[in-house]
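Engineer: For the record, in the sequence shown the residue sitting at position 312 is 427 according to my numbering, with numbers rising by one throughout. C-beta atoms are modelled at their ideal positions from N, C-alpha and C, and glycine is treated no differently.
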Amino acid sequence: MNVIAKPPVLAPVAGDAGRWECFIPTPCVQNHAAFLHVLPGGDLGCVWFGGTQEGVPDISVHFSRLAPGADRWSDPVRLSDDPTRSEQNPLLFTAPDGALWLLWTAQVSGHQDTAIVRRRISHDGGATWGPIGTLLDRPGLFIRQPIIVTPKGEWLLPAWLCPTPPAGAWRGDDDTALVMVSRDEGKTWTAHDVPGSTGCVHMDILPLQDGTMLAVYRSRWADFVYASRSTDGINWSAPEPTELPNNNSSVQATVLANGHVAIAYNHSSAADATGRRLSLYDDIGGELPAEAPAGARSAFWGAPRAPMTIAISEDGGRTWPHRRDVEVGDGYCLTNNSKDQLNREFSYPSILQTPDGALHLAFTYWRQAIKYVRVSEAWVKGTSA
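Rendered as structure tokens:
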């Protein structure tokens, strides 16, 4: 059995004083898709989804916080509980008026083409929460990355669409990226497609210091991290591959105070795969996945989800010369069944920098827990202890 020790106390790693880490407490068998956010008041917040396993209706959103100077995360609070849908991919956003928004997806079983986006708002920094409501009801709309507010006051919510195939179950072959835009502080939204984005998902929008925007993407083809650019956050160039590999698993990036870009990702791709899981949700059964149309590209599932790596770009995401592995393993992810504890993936990272210069990282550890790691840019570059 692949049982891991889960020390909850934040402490430096032996022999590596520049790295502090711990696990976030959780009551769940499976834990996945962490998202970090600095809360109003200065605490660090983390949300993720947990339950029996992804796609099962007991999957719900959980929330924990780490106060400045604290040595452990708070006991988690469950913030969603729909007994008919798997509730996934939560994210946090502090609106200009100080309200804390929680957004997440809610889907039927493993069918991402049934997903809708829900919302809950806190007016006291996450101590209490208002009622659950539906923010976006377009079936198949999925989210993962933070809302960006432009200098014009427009809210940009990066998203992707999972269309229903003509026959068989969704499997991601035709997913495309889009930006949901609100000009009235989240009351109404319009959709703006990213051209040439088939297979590019988990769009993450990064405002650069020169006034332009960079977006990075997960690739359904499990080949490379993709990138595109914009001057207004609404009209984007078609995504193009970067030098960084991707394994059809999530990435997240952040712009540092000095203008550099840090990205957390798995440095692996389909080229590293020795086995494949044909359906992402084969462990919960259901309809067989659709066949890719003749001549079309097919999503690649089952590439290793390891190592977990941080890379630094000093030129707005055009090159990534500085890289350091946070966790190294075989990345085995050919099962979604956490009860048997066979999964060994490190995946779905969330990364941000706080004003003190620290880099904060949270990610899925073997689907059994969310691991939290604190380092610095110098640590990534190997120029500090």
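Compare the beta carbon distance of H317 and Y332 with 8 Å and say whether it is the shorter of the two.
Structural biologist: It is a contact, given that the beta carbons lie within the stated cut-off.
Engineer: Is there at least one Cβ from chain C nearer than 8 Å to L218's Cβ?
Structural biologist: Of the chains in the structure shown, none is chain C; there is only one protein chain.
Engineer: My assumption, with CB atoms under 8 Å, is that G241 sits in contact with R180. Please give the rounded CB distance.
Structural biologist: 7 Å
Engineer: According to DSSP, is E460 helix, strand or coil?
Structural biologist: coil
Engineer: From the DSSP secondary-structure annotation, give me the bridge partner or partners of W275.
Structural biologist: F257, A292
Engineer: Look at the alpha carbon of S394 and the alpha carbon of L329, and state the distance between them as a whole number of angstroms.
Structural biologist: Legend: pLDDT at S394 = 45, less than 50; position of this residue unreliable, no value from coordinates given.
Engineer: Please classify W494: does DSSP put it in a helix, a strand, or coil?
Structural biologist: The answer is helix: DSSP assigns W494 an H, G or I state.
Engineer: So P155 and L215 are in contact, right, with Cβ under 8 Å, and what is the actual spacing, rounded?
Structural biologist: Rounded to the nearest angstrom, the Cβ distance from P155 to L215 is 6 Å, consistent with a contact under 8 Å.
Engineer: When DSSP labels each residue in this structure, what does A120 get in the three-state scheme?
Structural biologist: coil
Engineer: On the DSSP letters alone, give me the boundaries of the beta strand (DSSP E) that V153 sits inside.
Structural biologist: 145-153
Engineer: Can you grab the Cα-Cα spacing for the pair P127 / R489, in whole Å?
Structural biologist: 9 Å
Engineer: Put D131 into one of helix, strand or coil per three-state DSSP.
Structural biologist: Under the three-state reduction of DSSP output, D131 falls in the strand class.
Engineer: Is it right to say I119 is buried, meaning 16 or more other beta carbons lie within 10 angstroms of its own, or is it exposed?
Structural biologist: Per the 10 Å Cβ criterion, exposed.
Engineer: Relative to the alpha-carbon of I441, which residue among A484, P211, L125, N381 has its alpha-carbon at the smallest distance?
Structural biologist: According to the sequence provided, residue 441 is Val. The question's Ile does not apply to it. Among A484, P211, L125, N381, the Cα nearest to that of V441 belongs to N381.
Engineer: Could you give the residue range of the beta strand (DSSP E) that holds R438?
Structural biologist: Per DSSP, the unbroken beta strand (DSSP E) holding R438 starts and ends at 437-442.
Engineer: Please list the segments of the beta strand (DSSP E) lying wholly inside the stretch 192-220, counting only runs of 3 or more residues, in order along the chain.
Structural biologist: 201-209
Engineer: Output the distance between the C-alpha atoms of T243 and S237, rounded to the nearest integer angstrom.
Structural biologist: 6 Å
Engineer: Check whether the Cβ atoms of A337 and C315 sit closer than 8 Å, and answer yes or no.
Structural biologist: no
Engineer: Do D288 and A414 come within 8 Å of each other at the CB atom, strictly closer than that value?
Structural biologist: yes
Engineer: Alpha carbon to alpha carbon, what distance is there between I427 and P354?
Structural biologist: 20 Å
Engineer: In chain order, what residues of the same chain have a beta carbon less than 6 Å from the beta carbon of L151, not counting five sequence neighbours either side?
Structural biologist: Here the set comprises C161, S465, L467, H475, A477.
Engineer: Assign E358 to buried or exposed, taking buried as 16 or more other Cβ atoms, counted over all protein chains shown, within 10 Å of its Cβ.
Structural biologist: exposed
Engineer: Report buried or exposed for Y396, applying the criterion of at least 16 other Cβ atoms within 10 angstroms of its Cβ.
Structural biologist: Bear in mind that the predicted position of Y396 carries a pLDDT of just 47, short of 50, making it too unreliable to give a figure here.
Engineer: Roughly how many angstroms lie between the CA atoms of T279 and D290, to the nearest whole one?
Structural biologist: 10 Å
Engineer: From the DSSP output, which residues share a beta bridge with Q367?
Structural biologist: Note: Q367 sits in a beta bridge opposite A379.
Engineer: Taking the Cβ atom as the reference point for each residue, do L323 and V264 lie within a distance shorter than 8 Å?
Structural biologist: Cβ distance not < 8 Å, so L323 and V264 don't count as in contact.
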